[in-house]
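**Student:** This is the structure, below, for whatever I ask next.
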Amino acid sequence: MREIVLINITGEDRPGLTAAITGVLARGGVNILDIGQAVIHNTLSFGILVEIPHSAKASSVLKDLLFTGYELDQQVRFTPVSEADYQQWVGGQGKPRHIVTLLTRKVTAEQLQRVSSITAQYGLNIDHIDRLSGRMPLDTPDERGKGCIEFSVRGEPADPAALRAEFLSVAQELNVDIAFQQDTIFRRNRRLAVFDMDSTLIEAEVIDELAKAAGVGEQVAEITERAMRGELDFRASFKERLALLKGLSEEVLADIGAGLRMTEGAEFLFAELKRLGYKTAILSGGFTYFARQLQDKLGIDYVFANELEIVDGKVTGVAVEPIVDAQRKADLLRQLTEQEGLRLEQTIAVGDGANDLPMLAIAGLGVAFRAKPLVKQSAKQAISTLGLDGILYLLGYRDREGRD
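Going by our numbering, the sequence shown opens with residue 41, and the numbers climb by one from there.
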């Protein structure tokens, strides 16, 4: 008669502990049915589900384990498991799995409580909880903090849209970001990342900066804001704004380009993507002149943006076809995906405006970054709390895996 026993071991972590425990089990001819181990602040939590072939051996094996645990200053607890319960557990494998990622400047108990309550409410079981972010000193200023907790959950929510809506509501209330993704083979196997430029890679809308120099700043900024919110057709609004720049001196471009600031985390993100073998691209409704500058700084592979036509040293105000609008961004993403021999599931798209939504929708991972409310609600994922490097966490990246 066999026995199934769950063994829980807790105590101060130390080298050789796992070898000692499994050595006792090996001498008893024990089969391992499941195993898991975690160390938090040098404290070990070790669980092993075992099958002891003969009940006559069980008492001897468990007694030896208790003695070994005592010698290693560990607490050992045994829980019998019936065969019926074990079979029910086996029957649960193959259920859909999802990843819930919490991104925040500082992790709090309230954030974890709200996330875990929502997952339970929608019938999802939490299997694992991991910290992806690095260890933060206690005196780290909030604006420089970076925290990420990843939940691996099992099950399928009855209403995924309602679940996402609740996560979005809590995210806004607590000033955090909460991502919900299927845990598939593609999540850690993306290979192409495409980005909007203005207000995504850089902290400005270049056309607004050009408009200020041309003396039509307020007029153009108002049109830009409405277009990014999705209230105006991007293509028409782009032509309207560009026409207002007619006569602007070419000399202004260099000054504006020199003053553009890259978004927090951009340089680290692109360095890591390059190290991991990604191809990267700018797909922007902005201007090639400025996109090329970013390409040189960040080592970006492809640039697709709008040409700023200049004749006799002056901006003509005429749009050069083809205009990179919402549909063209999506078409370019498909084109690059095919060109690189990839599937759309292996792509990442990042943007902040309504004209980014089509490419965000078809990408394997579509991220609305510091986006307008309409875009944030419509995109698969959203990041507003951390910098661009927060995207790495959605891939399962751990800070300790980064470059020194």
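No residue lacks a Cβ here, since even glycine has one placed at the ideal position from N, Cα and C.
Report the three-state DSSP secondary structure of THR144 (helix, strand or coil).
**Tutor:** Strand, per DSSP.
**Student:** With distances taken from CA atoms, which of ILE166, ARG171, ILE189 and PRO362 is nearest PRO197?
**Tutor:** For the residues ILE166, ARG171, ILE189 and PRO362, the minimum Cα distance to PRO197 belongs to ILE166.
**Student:** Please report the residue range of the beta strand (DSSP E) in which LYS369 lies.
**Tutor:** First-last for LYS369: 366–379, but that is the alpha helix (DSSP H), not the beta strand (DSSP E).
**Student:** Report yes or no: do three or more beta-carbon pairs, one from the stretch 276–286 and one from the stretch 217–234, lie closer than 8 Å?
**Tutor:** With the cut-off at 8 Å, the stretch 276–286 and the stretch 217–234 do not touch.
**Student:** In the structure shown, what three-state DSSP assignment does ASN82 receive?
**Tutor:** Correct three-state label for ASN82: coil.
**Student:** Report the rounded CA-to-CA distance for LEU208 versus ARG301, giving the unit in angstroms.
**Tutor:** Rounded to the nearest angstrom, the two C-alpha atoms are 29 Å apart.
**Student:** State the DSSP-derived secondary structure class of LEU164, mapped to helix, strand or coil.
**Tutor:** It is coil, neither helix nor strand.
**Student:** Which residue wins for smallest C-alpha separation from ILE47, given the options VAL90, PRO55 and HIS81?
**Tutor:** Minimum Cα distance to ILE47 is reached at VAL90.
**Student:** In the structure shown, what three-state DSSP assignment does ASP444 receive?
**Tutor:** In this prediction, ASP444 has a pLDDT of 48, which is less than 50 and means its spatial position is unreliable; what the coordinates show is noted afterwards. The answer is coil: DSSP assigns ASP444 none of H, G, I, E or B.
**Student:** How would you write the range of the beta strand (DSSP E) that ALA345 sits in, first residue to last?
**Tutor:** Start and end: 342–346.
**Student:** What's the gap between the Cα of PRO398 and the Cα of GLN161?
**Tutor:** The straight-line gap from Cα to Cα measures roughly 31 Å.
**Student:** Answer yes if the stretch 97–106 comes into contact with the stretch 52–59, meaning at least three C-beta pairs across the two stretches below 8 Å, and no otherwise.
**Tutor:** These segments do not touch.
**Student:** Give, in chain order, every unbroken run of the alpha helix (DSSP H) that is at least 4 residues long and sits entirely within the stretch 239–304.
**Tutor:** The stretch 239–304 contains these whole alpha helix (DSSP H) runs: 246–254, 257–268, 274–283 and 291–299.
**Student:** Cα separation between PHE409 and GLY51?
**Tutor:** Going from the Cα of PHE409 to the Cα of GLY51 covers about 42 Å.
**Student:** Smallest Cα separation from ALA202: which of ILE158, LYS337, LEU282 and GLY299?
**Tutor:** Of the listed residues, the one whose Cα sits closest to ALA202 is ILE158.
**Student:** From the DSSP output, which residues share a beta bridge with ASN395?
**Tutor:** Per DSSP, none; premise fails for ASN395.
**Student:** Three or more beta-carbon pairs under 8 Å between the stretch 180–200 and the stretch 370–385, yes or no?
**Tutor:** Contact fails: fewer than three Cβ-Cβ distances are below 8 Å.
**Student:** Using 8 Å as the threshold, is the stretch 314–322 in touch with the stretch 350–363, meaning 3 or more CB pairs across them?
**Tutor:** Because the criterion of three Cβ pairs below 8 Å is not met, the stretch 314–322 and the stretch 350–363 do not touch.
**Student:** In whole angstroms, what separates the C-alpha of ASP273 from that of GLY326?
**Tutor:** ASP273 and GLY326: Cα-Cα distance of roughly 15 Å.
**Student:** Would you say ASP238 and THR144 are within 9 Å of each other, going by their C-beta atoms?
**Tutor:** No, the pair does not count as a contact, with Cβ atoms beyond the cut-off.
**Student:** Buried or exposed for VAL234, please, with buried defined as at least 16 other CB atoms from any protein chain shown within 10 angstroms of its CB.
**Tutor:** Buried: at least 16 other Cβ atoms inside 10 Å.
**Student:** Could you check if ARG281 is buried or exposed, using at least 16 other CB atoms within 10 Å of its CB as the buried criterion?
**Tutor:** Classification for ARG281: buried.
**Student:** Smallest Cα separation from SER418: which of ALA394, GLU206 and GLY404?
**Tutor:** Looking at the Cα atoms, ALA394 is the closest of the given residues.
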